[in-house]
Every structure is written in structure tokens, then in C-alpha cells.
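To start, the structure itself, in C-alpha cells.
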Amino acid sequence: MPIKNYLTPEEKQELQKQLKSHEHPDIRERILILLLRNDGKTQQEIADFLGCSLRKVAYWCTHGDPSNLDSLIDERMKGNFHKATDQYVDLLLEVIEKDPQGLGYEFGRWTAARLSVYLEQETGIRLSGSQIRRILKSKKYSTFSSGLSIA
Numbered sequence: 001m002p003i004k005n006y007l008t009p010e011e012k013q014e015l016q017k018q019l020k021s022h023e024h025p026d027i028r029e030r031i032l033i034l035l036l037r038n039d040g041k042t043q044q045e046i047a048d049f050l051g052c053s054l055r056k057v058a059y060w061c062t063h064g065d066p067s068n069l070d071s072l073i074d075e076r077m078k079g080n081f082h083k084a085t086d087q088y089v090d091l092l093l094e095v096i097e098k099d100p101q102g103l104g105y106e107f108g109r110w111t112a113a114r115l116s117v118y119l120e121q122e123t124g125i126r127l128s129g130s131q132i133r134r135i136l137k138s139k140k141y142s143t144f145s146s147g148l149s150i151a
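full-length UniProt numbering puts the first residue of the sequence shown at 1, with every later residue one more than the last.
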């Protein structure tokens, strides 16, 4: 049974504001579900209008709290657990700029595997060479100008 005008004017105004400005499309869709429900639409009408499943509409009508926008965020939006902390990444970027021989190593170039071993000794966080390369790529780090060998 649809419930018309169950939102307070403040909740409705905030939801309308967030509908226009929120960067995540899934959150905007969930806000729209709550606003359409407030207009007296049935769950089936909302699902047909948005082109999504009735199950999805029913879930967010039940679990979405209009006074708490954080309730519209699901676990998948938080992303995966990242071992590499911001401090780890900062240390990685510092170490790349240093000469390995200056740190007591015999080799003259860093590889991702060597960086992984060194950083594990320094931080206790173990990452693979491919994870190191992925971090460097995400930081748009040029591996050719720094003496880093991506092996």
C-alpha cells in the first residue's frame, strides 16, 4: 500500500538536493525510489518507471532511511580491502626516488619484486610485485625516467 507524504518537508528537500548533486548514480536511483514512494506510487509503478526490478525497489523502500543518506550505501560501494595504506604508498614513492645502493643493496635498479621485499621489511605489509606495479600505475608514475625496472 503506497504511503503518500510520509517524508517531512526537510527530508524531502534534502533528498531532492542530493538527487541533483550526488555523484553516484546508484544513490541517485535510491533517492528517487524514496521520493516516488513519497508521491504515493506503488513499488510496481516505481519499478516500471525506473526500469529496475521490483525486488530492488522493495529492498530500498524498506531499508532506505530518508533521514540518513548513509543507509543508501551498500557494502559493494565501499570497495575491496586495501593492504597498502596511504603511508605505505607515500613510502613507496619515496623509496623509488632513492638509489638502492644508497640503502645498502648491491643492485642498481629497483624492480617491483625488490621494492616489495624492501617495503615488507620496513612496514610489515607484504604485497606482490604486481600489486606494487598497480599502485605505481595508479599514481601515474613513469617507470622509465626513474631507473625502476618493471620486471
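Backbone N, C-alpha and C fix where the C-beta goes; we use that ideal spot for every residue, glycine too.
Going by other Cβ atoms of all chains shown within 10 Å of its Cβ, with 16 needed for buried, is Ile-73 buried or exposed? exposed
Sorted by chain position, which residues of the same chain lie with C-beta nearer than 7 Å to Tyr-118's C-beta, five sequence neighbours on each side aside? Val-95
Just how far apart, CA to CA, sit His-24 and Thr-8? 24 Å
Considering Ser-53, what are the terminal residues of the alpha helix (DSSP H) in which it resides? Here Ser-53 belongs to no alpha helix (DSSP H), and DSSP marks it neither H nor E.
What's the C-alpha gap between Ala-113 and Tyr-105? 14 Å
Can you grab the Cα-Cα spacing for the pair Thr-62 / Ser-21, in whole Å? 24 Å
Top-ranked residue by Cα proximity to Gly-40, from Lys-4, Gln-101, Asp-70 and Gly-124: Lys-4
So, for Pro-66: in the same chain, excluding its five sequence neighbours on each side, which residues have a beta-carbon less than 7 Å away from its beta-carbon? Leu-7, Glu-11, Leu-15 and Leu-34
Using the Cβ count rule (16 or more neighbours within 10 Å means buried), how would you classify Leu-115? buried
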